[in-house]
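One structure is given below, encoded as structure tokens.
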Amino acid sequence: MIDIIERAAVERILVDPASRVPEASVAARDSASPLTVFRAEVSRFVNGAEHDARRVRLDALLDGLDPNALAAAAVRHALAGTPAGRIPVTVLAEALGFTEASALPTLVATVASAYPTGETTDPDAADAAVIALFEASGRTDPDERALRVQLLVQAYAATATLVERALALARSQDGAVSTRTLLESVLRDDSPVPVTRRLVPAERGGETLVVLHLDGADCEAAADRPARILAFGAGPRACPAPHHALAIAAAIVDTLRADADRDEETVRHADTR
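For the sequence shown, UniProt numbering gives the first residue as 1, with consecutive numbering after it.
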């Protein structure tokens, strides 16, 4: 396994049609664990025509979700006191028609920890969480329910971490810095998803597994050319929902920053009495 850190090299691999993802396959579906079956049914861990077909269905699901409506729902949850880290999954689950959406972030977190590699220290909990999410999706078609759960799982850590880091950055910055600038800074300099994996052709045949660092140094960056942002990936396998993720994240950060400003103003007024 080789680590690729420089961003230009990472981007070249991401856009190269010859690079592939490590596949999650199921030899005997009836005897495989729910987590294994789930990973085999999503678009993330297949290549070629199967990936393309699943990606089309995933994009169709996303086309039915209005980023502005997602942002408005995120604001409502933030104002209601929903913990910031739970809002992205809750909002997406509501929009996709999942039942008991507010209870799903805990289940999604369990699946998300095992999702990238299929490895988990508690396979029973991961399997139970997958089953519960499938049931909450309200869908009986295996492919459709898997893709719907995929959207929640892939949004979980990435969007919540983006919000967390943008809020932390806001506390260290001038209040005039826009939320958009904060989010872009996090995406550029502290990617919520730090690595991804690819199989690339080896010099003597076969394939080599490489770990691509999405926030490594960018040797081509300059004063007039900021470091490229690879947090959402690049090429045909880039994140399918960057606009949705940014709409939700910006809404949460804007709302919580405004709340913090109001609290600070209240304290200042109290101190002058």
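For each residue, glycine too, the CB sits at the ideal point set by N, CA and C. Computed from a prediction, not measured in an experiment: that's the story for all the values here.
Leaving out five residues before and five after Val267 in sequence, what residues of the same chain have Cβ atoms less than 7 Å from its Cβ? Confidence at Val267 is low in this model, with a pLDDT of 48, below 50, so the placement of that residue should be treated as unreliable; the coordinate-derived value is given next. The answer is none, since no qualifying residue turns up.
Go ahead and pull the three-state DSSP assignment for Asp122. coil
Just checking my contact of Arg57 with Leu147 at CB under 8 Å: how many whole Å lie between their CB atoms? 6 Å
8 Å contact criterion, which residue 290 and Ala93 should meet: CB distance rounded: In the structure as shown, the chain begins at 1 and stops at 273. Residue 290 is therefore absent and cannot be evaluated.
Can you confirm whether the stretch 225–239 touches the stretch 11–20 when touching is taken to mean that 3 or more C-beta pairs between the two stretches lie within less than 8 Å? yes
How about Ser137 and Val153: do their beta carbons lie closer than 8 Å? no
Might you give, ordered along the chain, the residues of its own chain that have their beta carbon closer than 6 Å to the beta carbon of Arg145, omitting 5 neighbours on each side? Phe134, Ser137 and Arg139
Compare the C-alpha of Leu62 against each of Ala258, Leu151 and Ala78 and name the closest. Leu151
Quick one: what's His244 bridged to in DSSP? DSSP output for His244 lists no bridge partner at all.
Taking the beta carbon of Leu35 as the centre, do at least 16 other beta carbons fall within 10 Å, making it buried, or is it exposed? buried
Just tell me which of Ile229, Thr179 and Leu96 has its CA closest to the CA of Pro194. Ile229
Let me know if Arg165 comes out buried or exposed under the rule of 16 or more other beta-carbons within 10 Å of its beta-carbon. Label assigned to Arg165: buried.
Rank Val253, Phe98 and His51 by C-alpha distance to the C-alpha of Arg20 and give the top, closest one. His51
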